[in-house]
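Take a look at the structure set out below.
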Amino acid sequence: MGRSVSYPTGSVVAFRLLDDGEDDDVDWAYECLVDEVIDTTKAAFPSFERFEGWRGREDRILLRNAFADCGISTYCGLAAIWLAERDDARYWEADFYNPRTARARHWLGQVSGRFIDLFGELRLVGRFSNGEAIFERSRFACATGS
Numbered sequence: 062m063g064r065s066v067s068y069p070t071g072s073v074v075a076f077r078l079l080d081d082g083e084d085d086d087v088d089w090a091y092e093c094l095v096d097e098v099i100d101t102t103k104a105a106f107p108s109f110e111r112f113e114g115w116r117g118r119e120d121r122i123l124l125r126n127a128f129a130d131c132g133i134s135t136y137c138g139l140a141a142i143w144l145a146e147r148d149d150a151r152y153w154e155a156d157f158y159n160p161r162t163a164r165a166r167h168w169l170g171q172v173s174g175r176f177i178d179l180f181g182e183l184r185l186v187g188r189f190s191n192g193e194a195i196f197e198r199s200r201f202a203c204a205t206g207s
């Protein structure tokens, strides 16, 4: 099976290239993208707070609100910026007493289009049988010349 960038199952995902040239410092480009994701997401969705955490070994959580995690995952110069329903013990304990899952899914559905507009430069077209992903530039990225 081919390898591709990781992101949590069921998440809203925006894709973009981490580096555009051979001379770029990938670590610096990554840190700049992380800062951009944090600043832009907090401005667009004020309920998010900074959060340092991981989902598994590859999906880094940058921000969290009552319903969702916002994070980033990278692989071979491709970044997946994602929003996913929280999946931590405190969330599920709170859900037991005051159900949040339906509200979380509704909120994610409401903000998904705006989130993709904010961060999406590439669109996932499909996958080969070996798991390799195929992307194309999003219409927005083409229209702005990015």
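In my numbering, the protein residues as written are 62 to 207. No residue lacks a Cβ here, since even glycine has one placed at the ideal position from N, Cα and C.
- In the three-state reduction of the DSSP assignment, D130 falls in the strand class, which pools E and B.
- Taking a cut-off of 8 Å on C-beta distances, the region 137 to 146 touches the region 70 to 81, as three or more cross pairs fall below it.
- Classified as buried, V98 has 16 or more neighbouring CB atoms from the shown chains inside 10 Å of its CB.
- Per DSSP, reduced to three states, the secondary structure at E113 is strand.
- CA-to-CA, the gap between L139 and L79 works out to about 5 Å.
- Among the bridge pairs identified by DSSP, D120 is matched with R116.
- Here the alpha carbons of A150 and G174 stand approximately 28 Å from one another.
- Distance from the CA atom of E119 to the CA atom of G132, rounded to whole angstroms, is 10 Å.
- Cα atoms of W168 and F128: separation of roughly 8 Å, rounded to the nearest angstrom.
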